[in-house]
Each structure stands twice: as C-alpha cells, then as structure tokens.
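Participant: When we follow my numbering, the leftmost residue of the sequence shown carries the number 529, and every step to the right adds one.
Yeah, the Cβ is synthetic: ideal placement off N, Cα and C, and Gly gets one too.
This is the structure I have questions about; it appears just below.
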Amino acid sequence: MTKDLTVKTSLSTIGSSVVGRSLKCRFRQAKHLILGIGLLSVAACGPLISLGNDGPADDIYTLRYPGQVGAASPTGPIIFVNSPIMAEGLDGRGVPVHLENERRTSLEGASWSVHLGDLVRDYVVRALSAQTTANMISEGGLDIKAQCRLGIKVWSMEYVPGAVSGDDRVELAMQMSLVRLSDSVLLDHPTFTQTVAVGSDSNAAVIEGFRTAMQATAIDYSKWISAHMDGCI
529 MTKDLTVKTS LSTIGSSVVG RSLKCRFRQA KHLILGIGLL SVAACGPLIS
579 LGNDGPADDI YTLRYPGQVG AASPTGPIIF VNSPIMAEGL DGRGVPVHLE
629 NERRTSLEGA SWSVHLGDLV RDYVVRALSA QTTANMISEG GLDIKAQCRL
679 GIKVWSMEYV PGAVSGDDRV ELAMQMSLVR LSDSVLLDHP TFTQTVAVGS
729 DSNAAVIEGF RTAMQATAID YSKWISAHMD GCI
C-alpha cells in the first residue's frame, strides 16, 4: 500500500512538472506572438519611426561677430550680459520666416548652429568688447562682481518675403536695458531696429541679410553703451 502511494505521488509530481513546463512554453510563445504583432503595427505607422533617409541635411549657419575682440580695459566698467529674451517663435535652430497674416515658418534647408538666443548673446558680447572699453562678461561670469547688467529683448529677427523678390527683407528689432547693480537704477532702455533688403531668395542671401542687420545694429548699440557706461561706476 505504501509503495502504491509513493508511485502515485511521483507520477503526480512528474505530471505537474510537465504541465508547468507546457504552460511556460505556451506563455513564451504567446508573448513572442504579441511582440511580433506590436512590431508589425509600429512598422505600419510609417512616419512614427524613420528607418531611412529623411532627405538632404540642412545647411548649418552661424552669426559670428567679424571683428577682433578687444583686450580687457583696466578702467572700463564690468557689464554682465543676460541671456536674451526672444519673442515668440524666434528662439530655436530654425531660421525664422514671417509670412502674411501673422503666420510663421522656418527657412527650408537651413538651420542655425545653436539656438538663436545663444548666437545673439555671443554676438553682443564680442561686438561690445571690440567696439567699447567696457569689460563684457556673460555665461560663466556669474561669480564676477559687475557694475551693470545688460538685458536684451529681441522683438523681431526674421526673414520677411515680399510680394515680389525685390521686396524680400530681414527685420531686426532689439531692445536693451542697462541697469546699475549698486542701486538697481535703469540707466536707459532703447530699441534698435534694422531692415535689410535681401538680394535674392537663396538661403545664402537670406543669411547674409541677417549678418548685415546684426553688424549695423552692433554699431548703434556700441555707441549707446559708450555714451552711458560711465553711469555704471
């Protein structure tokens, strides 16, 4: 009697093991089937996952001040340049295009090397360092004791296509605020504007329009800083 019970128990244990392995195998098969169906579904979505070439890459452009940066001045004030505040739709790597009826897009086949706000900040720092006796600092200079802070608001910096090619232009509007840090007095806050005609609708001509507008504006705000920087001390 004991022998029969032992045999039956062993058979039961073996049967449970076989059933368990069978269930695990079926579970793995079902899991693989579900995974395969999921992959097929994702593949059918098309644009959600790109496995091939999306077309030619954009040409990458930068805006770099063309002049030489001046040496540090022992008598000039130290001015900290804030990161620019960009108007809606301007701060990105796409080259902004302003269309009629307040529509926006970006220039096809062209991109900035970094976000436009970063390009503007670096350009302003280099231009003022070259064209004034002020000591300009920006990112990385927070631990330096400055006498003034320069705030920048870019209201417009975009390519505006005209009704005909001869009317194409680049528009730039940049407001600056010079604040003395010792007592938080606003010394001045003018707005500088430039409109530059674009000779053709090629991307290179459009980017050259941006560069020309930035250079002309740099002359204006450099003269302004030179006239007001004594108020920082």
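Is it true that the segment 710-727 meets the segment 601-617, where meeting means three or more beta-carbon pairs spaced less than 8 Å apart?
Facilitator: The segment 710-727, when compared against the segment 601-617, does not touch it at the 8 Å Cβ threshold.
Participant: Count the other C-beta atoms from every protein chain shown that fall within 10 angstroms of the C-beta of residue 636, then say buried if there are 16 or more, exposed otherwise.
Facilitator: So residue 636 ends up on the exposed side.
Participant: Pick out whichever of 756, 749, 761 has its Cα sitting closest to the Cα of residue 659.
Facilitator: Minimum Cα distance to residue 659 is reached at 749.
Participant: With DSSP as the reference, label residue 717 as helix, strand or coil.
Facilitator: Here residue 717 sits in coil by DSSP.
Participant: Excluding the five sequence neighbours on either side, which residues of its own chain have a C-beta within less than 6 Å of the C-beta of residue 689, listed in chain order?
Facilitator: Here the set comprises 696.
Participant: Can you find at least 3 beta carbon pairs, one from the segment 639-646 and one from the segment 691-706, that sit closer than 8 Å?
Facilitator: Touching, no.
Participant: Do you know offhand how far residue 738's Cα is from residue 723's?
Facilitator: Rounded to whole angstroms, residue 738 to residue 723 spans 10 Å at the Cα level.
Participant: May I ask which residues mark the beginning and end of the beta strand (DSSP E) holding residue 701?
Facilitator: Counting along the chain, the beta strand (DSSP E) containing residue 701 begins and ends at 697-708.
Participant: Based on DSSP bridge pairs, tell me the residues matched to residue 676.
Facilitator: According to DSSP, residue 676 bridges with 607, 708.
Participant: To the nearest angstrom, report how far apart residue 731 and residue 593 are at their CA atoms.
Facilitator: Each residue's Cα considered, the two are about 20 Å apart.
Participant: Relative to the C-alpha of residue 721, which residue among 728, 703, 677 is closest?
Facilitator: Residue 703 is the option with its Cα nearest to residue 721.
Participant: Pull up the distance between the alpha-carbon of residue 734 and that of residue 691, whole angstroms please.
Facilitator: Rounded to the nearest angstrom, the two C-alpha atoms are 16 Å apart.
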